[in-house]
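Undergrad: Under our numbering, the first residue of the sequence shown is numbered 1, with each subsequent residue one higher.
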Amino acid sequence: MKRPIYLTLASAMAFFAVMSLMLALSSFTYAIEGPNLNCKGEHVISINDEVVFLFPDSLVHGRDFGVSLQLRRMANSYIVASDTLPSDSITIGCADVGKILNIEVIATQDGMSSACMVQVAVQNKLPTNVFSTLPDLELSCNEFKNLNGNYSSLGTYVDDEMEVESHNIGETEFRDGLVGRVCNNLTIRETVKDSTKCGFGKFIRVFTVTSSVDTITLEQVINIYNDDPFDIDDITLTTDTTVMGCFKGFLPADLGGKPQFNLLNKCAMVVANKSDMVFDDPTSGCPFVMRTWKIMDMCTYTPDMENGYWEIVQNIYIMDTIAPTFANFCKDTTIINVDGSCTIPVTLSANAKDNCTDDADLVYHYSVTKGQELIIEGNTSTFSLNFKEGLYDVLWTVDDRCGNVSQCTYKLRTKEGKKPTPVLVPGIVANLPQACDVKIAAVLFNKASYDNCTPKDQLKFSFSEDIEDDTLTFNCSQLGINTVTVFVTDLSGNQNSVSVTIEIQDLQAYCPANVPLNISGQIMTAEEMFVPEVEVKIEGAEQSKTVKTDEYGRFDIGNLVKYSDYELSASKEGDFKAGINVLDLLAIQKHLLGVNRLPNGFRMIAADVDGSEKIDLRDLTELRKIILGIKSPDQGTHSWRFIPNTTKNASTQPWPINDMAFYENLENNIFLDFKAIKIGDVDGSISKSLKGRDINLLVMAVEDKAFKAGDIVEIPLTIADISRFKGLQMQFIFESAVLKFMDCDIDKDAYAQTGNQLNLMIFDQKGFSKLQDGALHHVRFRAIKDGKLSSALALTEEQMEAILVDESDKDYAIHFNIQQSTGNVLDVKQNAPNPFSDHTIVNFEVGSDLPVEITIYDQSGELLFNDYKNYLKGKHQIYLDDTQLKGATGVMFMHVETAEISEIRKLLRLK
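1. Beta-carbon separation of V896 and V825 under 8 Å?
2. As an exercise, report each continuous beta strand (DSSP E) stretch of at least 3 residues that is fully enclosed by the stretch 137 to 207, in chain order.
3. Does the distance from the C-beta atom of F326 to that of C402 stay below 8 Å?
4. Does the distance from the CB of L432 to the CB of I504 come in under 8 Å?
5. Give the list of continuous alpha helix (DSSP H) stretches no shorter than 4 residues that lie fully inside the stretch 495 to 547.
6. Return helix, strand or coil for F893, following the three-state DSSP convention.
7. Taking DSSP's pairing of strands, which residues face C342 in a bridge?
8. Between the C-alpha atoms of T84 and E219, what's the straight-line distance to the nearest angstrom?
9. What did DSSP end up calling T409 once you bin it into helix, strand or coil?
10. Could you give the DSSP three-state label for S860: helix, strand or coil?
11. Within the chosen definition, does the stretch 331 to 349 reach the stretch 410 to 420 through at least 3 CB pairs nearer than 8 Å?
12. If the criterion is Cβ atoms closer than 8 Å, does the pair I169 and T196 meet it?
13. Just to confirm before moving on: does the CB-CB distance between I643 and I626 stay below 8 Å?
14. Are V51 and I79 closer than 8 Å when you measure CB to CB?
15. Can you round the beta-carbon distance between A253 and C198 to whole angstroms, since I take them to be within the 8 Å contact cut?
16. Tell me which residue opens and which closes the beta strand (DSSP E) that A323 is part of.
17. Out of V682, G680 and M660, point me to the one whose CA is closest to L672's CA.
18. What's the C-alpha gap between L872 and N355?
19. Decide if L507 is buried, meaning its Cβ has at least 16 other Cβ atoms within 10 Å, or exposed.
20. Taking the alpha carbon of E686 as the reference point, which residue from G390, N581 and T485 has its own alpha carbon closest?
21. DSSP on K925, reduced to helix/strand/coil?
22. In the DSSP assignment, find the beta strand (DSSP E) that holds Q109 and state where it starts and stops.
23. Taking 8 Å as the cut-off, decide whether the C-beta atoms of Q924 and N475 are in contact.
24. Which residue from Y812, K788 and V842 puts its Cα closest to that of K726?
25. What are the partner residues of W293, as DSSP defines its beta bridges?
26. Count the other CB atoms, across all protein chains shown, that sit within 10 Å of the CB of V271; report buried if there are 16 or more and exposed otherwise.
27. Around the Cβ of S426, are there at least 16 other Cβ atoms within 10 angstroms (buried) or fewer (exposed)?
28. Starting from G378 and walking both ways along the alpha helix (DSSP H), at which residues does that stretch end?
29. Under the three-state reduction of DSSP, which class applies to K911: helix, strand or coil?
30. Tell me which residue opens and which closes the alpha helix (DSSP H) that H591 is part of.
31. Taking its Cβ as the centre, do 16 or more other Cβ atoms sit within 10 Å of K99, making it buried, or is it exposed?
32. Is the stretch 535 to 554 close to the stretch 492 to 501, with three or more CB pairs under 8 Å?
33. Considering only the alpha carbon of each residue, which of I901, D359 and V891 lies closest to L907?
34. With 16 other CB atoms within 10 Å as the buried threshold, where does K572 fall?
35. Measuring alpha carbon to alpha carbon, tell me which of D565, K614, D619 and M700 ends up nearest I670.
36. K770 and S723: beta carbons closer than 8 Å?
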């Protein structure tokens, strides 16, 4: 019995499915008692529409009569679901393009069937069609620039008519381009060919349409034009301008203003450079600049046609309104000639600084008048002349060649300074009259005194520096020999003095018995400077008295019992450091090295700091420790020693010291001198303090800096020409809540720190040498909290003077200047020197032109000085002396105020 056809067909399909994997897509025929069937091995079908039909006859090499053919898809993918069942045709669609389809062909005759498998390749060889194109367009460069690279508004190409959009550029309306082919399967890619320059020119959009069989290229040309070219009307430049300020060397490009270009809605690439012609006579100050700007639009420039190129001349007038500032020499000056000539050679110089004009280009003028008489005038910064003695007015003028002029005036007093030569009788004898007093004129002692300039008959004789003190009265209390000093004074006020004696006799015995006697005298240093406030003590005749010397070092002890024994001594205590500085250390060191021995016994006594009656290394070490504040003098160590003129002090061996004067069986009045020796003051500088010393000032400048907590704050000690110095001492005071002292890069025995004070003392006979950064040494602190150097550190002279010593042993006062940035509203420095005796200087700086009020009060709050005026931006100085301070001494407070800030500085003036 034959099986049903559908069972036979199912069995055949299973069999041939397995065989198809093994036979590599070859066509094969299988028959189950069915008709013959000869199928093609492969078949290619090209579609020409979205859907075509495949018939079985196209897949076989003919068929026998009476045989019917059907076919079906062997895959799960299909266009029509029924194509997987045997049918007269199957549907081939776009989804099949590019695929190999396995198609089963089935032959049937008389109820019997046979089948074969054919591989069908589906192809689409139809070309791509262009149905519409994009138009070429014209755009202004700004319209194109505003696209910002998004060209969608210029249209595109699509392959679906439903996606075509309309566009509008200016007055041009257009639609997207349309391309297509059967089944489409197109790829559209856009690229550009940009041949524009400066934003205009030709810009081509290239659309490449790719299918499986062909590629076409479509272009859209965008012609971009420059509708508003850049021209001279688009350039803004101030051609004549005045600039305030200073410009030396390189002139900045923005001096007077740069050209401004109107590039809004412009397609341009503008460049500019400049060339300057500077008319500067002199080479600094206020030059005139003729600046030529060369401006080029690189987009339109053509060298032959000179399109896109412009030259504009800009005249720049540089001006300055700040006048030069004179250095601190405009103060009343006295010049004394001691060489014996009756005229006084004087050389005067002016020194000014200007914020713009170089020193060499400043123009000076001077004039000297006496009353209404013009003595000399000229146009240099230095002049010399032999002046007669007198008082003159000096006027200096300096011009910065910018129209700014400063003047300074001061008094010049010239004086012949050679002392007259006293030629006196050594002593005279006077007998008391019955009235028991006799007047003695100082001129009686003159024998042949003379002077280099004053006639002999015009010399003045007196018993003190006061020329009116020309007569002394003697009475019974001055019986015996009295020593007095006669002063000879010339017309210039120069004085010289000689001690003489007056023996007062009572030949007629007019005086009562037991007239009291007195011992008087004078105390001076080895340099013959008077020492005030010395206690002179006398003991004897069952009594003890103490008196103090006056401002001239004089003392007078009266009511002494005749024929009694008396012992006198002198003492003075006080600051052991007075008059002591690094110069004394250098002098002791030279003595110990044998380089320069101390010249006399007074100097040797001063050098014996430890009182051992010899000079050795211990004295040097002890003195250095005392100056640095490491230790105090040993108990019992004298600050002063006083040697009476009854004692002779050998220059080679002054010890033992006899500082007592003894008088046995006192019969007459006595005049006694003491020589005052300040222990430690080996160079005799205490005499300069007693007299009032000239101050040579040097600036030690340090840049101000802000610091954070934890920072290492390093301060370089820097002095110009440091190699010519060999000694330095100074004392810093710092805010201990802000800074903590770390160390110095010097020997530990050269500095000492106590509390918030740091003392430095450095000396080297060979001279100082500087480090790589130019500094002598460095002082280091660690910041405890945030702060600023100028607010946390200052120089003080509470325990020691701040001085430098050069190779010739000349000393200079140090002005420690912490330089602030000019952006501050107000920066007030501490006055220098401080403390001071004669005068002091306060430096301050304002950050802009503004009014400043300066007020000084004494400790009681009494107003001493007030000044309110406008100051220009920059640095200024205030010179303070008796004129401003009204003779006040002690502590004073200076207020420097602006509308925004107030600064207070404490001033200390010594008597």
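Positions of the beta carbon are idealized from the N, C-alpha and C atoms, including for glycine.
Everything numeric in this text was worked out from a predicted model, so none of it was measured.
TA: Inspection of the coordinates gives the following:
1. Taking 8 Å as the Cβ cut-off, V896 and V825 do not qualify as a contacting pair.
2. Look at the stretch 137 to 207 and you find these whole runs of beta strand (DSSP E), each 3 residues long or longer: 137 to 140, 166 to 169, 172 to 175, 177 to 180 and 187 to 194.
3. Contact flag unset, no.
4. Yes, the Cβ-Cβ distance between L432 and I504 is below 8 Å.
5. Fully enclosed alpha helix (DSSP H) runs of 4 or longer: not present.
6. For F893, the secondary structure class from DSSP, reduced to helix, strand or coil, is strand.
7. DSSP lists no partner for C342.
8. Counting only the Cα atoms, E219 lies some 47 Å from T84.
9. Three-state DSSP puts T409 in a strand.
10. Reduced to three states, the DSSP call for S860 is coil.
11. Contact between the stretch 331 to 349 and the stretch 410 to 420 is established, with three or more Cβ pairs separated by less than 8 Å.
12. The Cβ-Cβ distance between I169 and T196 does not fall below 8 Å.
13. It is not a contact, given that the beta carbons lie outside the stated cut-off.
14. Yes, the pair counts as a contact, with Cβ atoms nearer than the cut-off.
15. Not confirmed; about 24 Å, so no contact.
16. Premise fails: A323 is in no beta strand (DSSP E) and is neither H nor E.
17. Ranking V682, G680 and M660 by Cα distance to L672 puts M660 first.
18. In this structure, the alpha-carbon of L872 lies about 11 Å from that of N355.
19. Here L507 is exposed. Its C-beta has fewer than 16 other C-beta atoms within 10 Å.
20. Contrary to the premise, residue 686 reads as Ile rather than Glu in this sequence. Looking at the Cα atoms, N581 is the closest of the given residues.
21. The structure shown does not extend to residue 925, since the chain is modelled only from 1 through 911, so no value can be given for it.
22. That run of the beta strand (DSSP E) goes I100 to Q109.
23. Nothing can be reported for residue 924, as the shown portion of the chain is limited to 1 through 911.
24. The candidate whose alpha carbon is nearest that of K726 is Y812.
25. Per DSSP, the beta-bridge partners of W293 are K274 and I312.
26. A residue is called buried once 16 or more other Cβ atoms fall within 10 Å of its Cβ, and V271, having fewer, is exposed.
27. For clarity, residue 426 is Pro in the given sequence; the question names Ser instead. Burial state of P426 is exposed, judged by a 10 Å Cβ sphere holding fewer than 16 other Cβ atoms.
28. From DSSP, G378 is part of no alpha helix (DSSP H) but of the beta strand (DSSP E) over E373 to G378.
29. Note: K911 maps to coil in three-state DSSP.
30. It spans V582 to L593 - the alpha helix (DSSP H) in which H591 sits, taken as one unbroken run.
31. Flag for K99 reads exposed.
32. Verdict: no, contact absent.
33. Among I901, D359 and V891, the Cα nearest to that of L907 is on V891.
34. Result: buried.
35. The residue with the shortest Cα to Cα distance from I670 is D565.
36. The Cβ atoms of K770 and S723 lie closer than 8 Å to each other.
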